[in-house]
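Chemist:
Number of protein chains: 2
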Amino acid sequence: MARKTGSHSEITGPRVRAAALRLFARHGFAAVSMRQIAAEVGVQAGALYLYTPDKETLLFELLHEHMVDLISAWDAIEAGGGPEERLERFVRFHIRHNLARLDAVFLSYMELRSLGPGNFRTIEGLRRDYENRLEAILQEGTALGVFSVPEGRITAFALIAMLTGVTTWFREGGRLSRDRVGDLYWAMVRRAVSA
Amino acid sequence: MARKTGSHSEITGPRVRAAALRLFARHGFAAVSMRQIAAEVGVQAGALYLYTPDKETLLFELLHEHMVDLISAWDAIEAGGGPEERLERFVRFHIRHNLARLDAVFLSYMELRSLGPGNFRTIEGLRRDYENRLEAILQEGTALGVFSVPEGRITAFALIAMLTGVTTWFREGGRLSRDRVGDLYWAMVRRAVSA
DNA sequence: GTCTATATGCGGATAGAC
DNA sequence: GTCTATCCGCATATAGAC
Numbered sequence: 380m381a382r383k384t385g386s387h388s389e390i391t392g393p394r395v396r397a398a399a400l401r402l403f404a405r406h407g408f409a410a411v412s413m414r415q416i417a418a419e420v421g422v423q424a425g426a427l428y429l430y431t432p433d434k435e436t437l438l439f440e441l442l443h444e445h446m447v448d449l450i451s452a453w454d455a456i457e458a459g460g461g462p463e464e465r466l467e468r469f470v471r472f473h474i475r476h477n478l479a480r481l482d483a484v485f486l487s488y489m490e491l492r493s494l495g496p497g498n499f500r501t502i503e504g505l506r507r508d509y510e511n512r513l514e515a516i517l518q519e520g521t522a523l524g525v526f527s528v529p530e531g532r533i534t535a536f537a538l539i540a541m542l543t544g545v546t547t548w549f550r551e552g553g554r555l556s557r558d559r560v561g562d563l564y565w566a567m568v569r570r571a572v573s574a
Numbered sequence: 380m381a382r383k384t385g386s387h388s389e390i391t392g393p394r395v396r397a398a399a400l401r402l403f404a405r406h407g408f409a410a411v412s413m414r415q416i417a418a419e420v421g422v423q424a425g426a427l428y429l430y431t432p433d434k435e436t437l438l439f440e441l442l443h444e445h446m447v448d449l450i451s452a453w454d455a456i457e458a459g460g461g462p463e464e465r466l467e468r469f470v471r472f473h474i475r476h477n478l479a480r481l482d483a484v485f486l487s488y489m490e491l492r493s494l495g496p497g498n499f500r501t502i503e504g505l506r507r508d509y510e511n512r513l514e515a516i517l518q519e520g521t522a523l524g525v526f527s528v529p530e531g532r533i534t535a536f537a538l539i540a541m542l543t544g545v546t547t548w549f550r551e552g553g554r555l556s557r558d559r560v561g562d563l564y565w566a567m568v569r570r571a572v573s574a
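Going down the list, the sequences are from chains A and B.
If you number the first sequence the way my numbering does, the last residue is 574 and the count never jumps.
If you number the second sequence the way my numbering does, the last residue is 574 and the count never jumps.
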């Protein structure tokens with residue numbers, strides 16, 4: 380199947396999203412121009428509109444993809460085991476998954492406000508879905524008497540905030556390995572919720 | 380001492396900072412124009428430059444004031460008692476203080492990147508000063524055998540992230556009072572670090 | 001699919017009148 | 001101390017050539 384010269388749809392689309400993700404996370408959504416994104420990809424600004432109807436939609440798609448990716452990755456891992464086992468798996472998963480996606484994590488926390496109301500609600504709903512999965516583990520463990528968690532929802536918020544915080548200080552090649560960080564955080568989480 | 384008509388320096392300055400804080404936190408530094416800030420205060424855009432040399436300096440001063448305020452408020456409270464007592468005081472102080480300054484907390488996390496290198500380092504240094512105070516409590520408690528904290532610095536990061544997270548979900552007049560939230564978080568923190 | 005060119009409007013910051 | 005008017009540049013988004 381012959382293709383026209385200069386036809387790079389399958390390759391330029393992902394490159395646009397990658398550049399936008401990097402730049403939005405680094406400088407903020409409003410501070411980044413379509414021209415900057417285009418320059419990073421190596422095309423002219425007008426060409427970006429072949430891949431997104433406008434700037435906000437580009438942001439929305441990045442956030443949406445990140446949340447769907449997070450939830451489906453967890454759903455593929457959670458199955459089986461008691462609450463304590465699943466909670467440990469959650470702690471290690473959340474740290475590992477987010478450390479591998481620093482830009483997307485930062486963007487998800489900072490630029491929800493740059494979305495219109497409809498897009499905002501969609502992303503917020505996905506975040507809630509994720510939080511609910513952790514809350515369910517905590518509730519189940521409390522019902523079984525292995526955890527002592529009087530407020531499952533608030534505890535889920537607290538734990539996710541603590542775990543996500545790793546992304547703000549962890550440095551590749553630093554003194555602590557990812558696994559060691561997982562050990563440390565799991566030790567804290569376990570003690571914080573144990574009966 | 381007579382004063383000219385339309386002379387409101389002592390009152391307009393604080394109003395400019397208050398409007399900037401609110402708008403920067405709500406919409407992001409880059410997304411807010413000097414004209415918007417001026418409109419909120421009720422003056423014309425040009426008049427703002429009587430109170431700040433430029434937009435970035437305005438942001439810097441807001442962040443700087445917030446950090447100095449935080450540290451000096453804590454220093455006025457910390458004195459006296461053992462590590463466990465001081466840690467409890469820290470937990471309750473951090474939650475209470477930050478809940479009363481939601482815009483500034485949000486801004487401090489999101490818009491450090493909008494500062495130039497020099498201003499950035501200044502704010503980062505102040506944040507480090509604050510973290511060090513918590514770390515010192517954890518180290519002292521570990522040395523005395525009342526805490527079991529193998530990594531004081533990482534644990535300080537983890538606890539601050541967890542506590543600051545309250546600002547993202549707490550709603551005034553909701554089911555939980557501030558004091559109850561303090562109780563819940565202190566229970567988690569205590570168990571997470573106890574020997 | 002990408003380019004160049006452009007419409008149209010808002011951005012930060014300054015000058016000078018009052 | 002504040003206002004009006006303005007400089008100048010960059011923003012998003014689109015039109016039409018190739």
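We put the beta carbon where it would ideally sit given N, CA and C, even for glycine.
All values derive from a computational prediction rather than experimental measurement.
1. Say whether chain A places a C-beta atom closer than 8 angstroms to the C-beta of Ser493/B.
2. Compare the C-beta of Phe581/B against all C-beta atoms of chain A and say whether one is closer than 8 angstroms.
3. If I follow the unbroken alpha helix (DSSP H) through Glu464/A, where does it start and stop?
4. How should Ala571/A be labelled, buried or exposed, when 16 other C-beta atoms within 10 angstroms of its C-beta is the threshold for buried?
5. Enumerate, from N- to C-terminal direction, the unbroken alpha helix (DSSP H) stretches of 4 or more residues contained entirely within the segment 511-559 of chain A.
6. For Asp482/A versus Ala409/A, is the C-beta spacing smaller than 8 angstroms?
7. Would you mind sorting Ser493/A into buried or exposed? The rule is 16 or more other CB atoms within 10 Å of its CB.
8. Is the CB of Leu486/A under 8 angstroms away from at least one CB in chain B?
9. Give me the residue from Phe485/B, Glu467/B, Gln423/B with the minimum Cα distance to Leu400/B.
10. Between Thr534/B, His406/B, His473/B, Gly459/B, which has its C-alpha nearest Asp562/A's C-alpha?
11. Got a sec, what are the start and stop residues for the alpha helix (DSSP H) Arg492/B sits in?
12. Could you please tell me which residues of the segment 395-418 of chain A, in chain order, have their CB closer than 8 angstroms to any CB of chain B?
13. Across which residues does DSSP place Ser487/B in a beta bridge pair?
14. Have a look at Gln415/B, Thr436/B, Ala417/B and flag the residue whose alpha-carbon is nearest the alpha-carbon of Gly497/B.
15. List the residues of chain B that Ala574/A touches, going by C-beta distances under 8 angstroms, in chain order.
16. Where Leu402/B and Arg480/B are concerned, what is the direct C-alpha to C-alpha distance, given to the nearest angstrom?
17. Is there a C-beta anywhere in chain A that falls below 8 angstroms from the one on Ile502/B?
18. Cα-Cα, which of Leu523/A, Arg554/A, Leu517/A is closest to Val568/A?
19. Kindly list the residues whose CB is nearer than 8 angstroms to the CB of Val528/B, restricted to its own chain and excluding five residues on each side of it in sequence; keep chain order.
Modeler: For this structure:
1. yes
2. In the structure as shown, chain B starts at 380 and stops at 574, and residue 581/B therefore has no counterpart that could be examined.
3. 462-478
4. buried
5. 531-543, 545-548
6. no
7. buried
8. no
9. Phe485/B
10. Thr534/B
11. Taken as a continuous stretch (DSSP letters only), Arg492/B belongs to no alpha helix (DSSP H), as it is neither H nor E.
12. Arg405, His406, Gly407, Phe408, Ala409, Ala410
13. DSSP lists no partner for Ser487/B.
14. Thr436/B
15. Residues of chain B passing the Cβ test: none, with the nearest at roughly 11 angstroms.
16. 14 angstroms
17. no
18. Leu517/A
19. Leu517, Gln518, Gly520, Thr521, Thr534, Val572
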